[in-house]
Amino acid sequence: MDGTMGFTDTETVLMDWLIKRNCSVWPRQFVACYASLAAFSLAIAALLSWRGAWLVLPFTGVELLAVGVAFTLYARHAVDYERIRLFPHRLLIEQMSAERLTCFEFNPRWVRVEPGASPRDPVRVVCRGQSVVVGQHLAQYRRAQFAHELRAWLMRCG
């Protein structure tokens, strides 16, 4: 079930998992880093251009454009997360990826948790033919543990 689904304050949350991306630099810090990189590169290019190597300026512009695109792509995913909330009568999965929120809602009594065959494989929540990959931001060694924990909490609902 795709769409935006909220929850009421009267519902009891049995368990709430918030899984965030391991991001050491936040977008604001990233902008400051890029600005300092651009200022330094432009200063060097201006100095070299002033000394007669004027072709350095266009290449500096291309370099800064390429690094800016890469930084933008990285920054869009810096605040990605997954939130999995278990209520007595429903399982709510919110996934934020590149500023796009996707929500899924399942009946916890019908949900099946499928850990991956190997640590690299993702954990899947399957219900009535619909499959959702969860735990994408977890370290590989934590995925099996998370699948076991989710399965244990789901058993409490049914």
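Residue numbers for the sequence shown follow the UniProt record's numbering, beginning at 1 and rising by one. Beta carbons are placed, not taken as given, at the ideal position from N, Cα and C, and that holds for glycine.
Taking the C-alpha atoms as reference points, what is the distance between residue 139 and residue 123? 12 angstroms
With 16 other Cβ atoms within 10 Å as the buried cut-off, status of residue 88: exposed
Could you tell me the alpha carbon to alpha carbon distance between residue 15 and residue 115, rounded to whole angstroms? 19 angstroms
Could you tell me which whole beta strand (DSSP E) segments of length 3 or greater appear in the region 75 to 113? 81 to 86, 91 to 97 and 100 to 106
With a threshold of 7 angstroms between beta-carbons, can residue 119 be considered close to chain B, or not? Protein chain content of the structure displayed is limited to a single chain, and chain B is not contained in it.
What first and last residue would you give for the beta strand (DSSP E) that runs through residue 17? 15 to 20
First and last residue of the uninterrupted alpha helix (DSSP H) at residue 36: 27 to 50
Report all residues from its chain with a CB closer than 8 angstroms to the CB of residue 112; omit the five preceding and five following residues, and keep chain order. 125, 126 and 127
Quick check: residue 86 and residue 153, are their CB atoms within less than 7 angstroms of each other? yes
When DSSP labels each residue in this structure, what does residue 130 get in the three-state scheme? strand
With residue 151 as the anchor, note down where its alpha helix (DSSP H) starts and where it stops. 140 to 155
CB-CB under 8 angstroms to residue 156, same chain, minus the five flanking residues each way: which ones, in chain order? 14
Same chain, Cβ closer than 6 angstroms to residue 81, neighbours up to 5 away in sequence not counted: 20 and 96
Look up residue 125 in the DSSP assignment and give the residues it is bridged to. 113 and 132
Use the C-beta contact count for residue 135: other C-beta atoms within 10 angstroms, 16 or more gives buried, fewer gives exposed. buried
Between residue 99 and the rest of its own chain, which residues show a CB-CB distance below 7 angstroms, the 5 nearest in sequence each way excluded? 76
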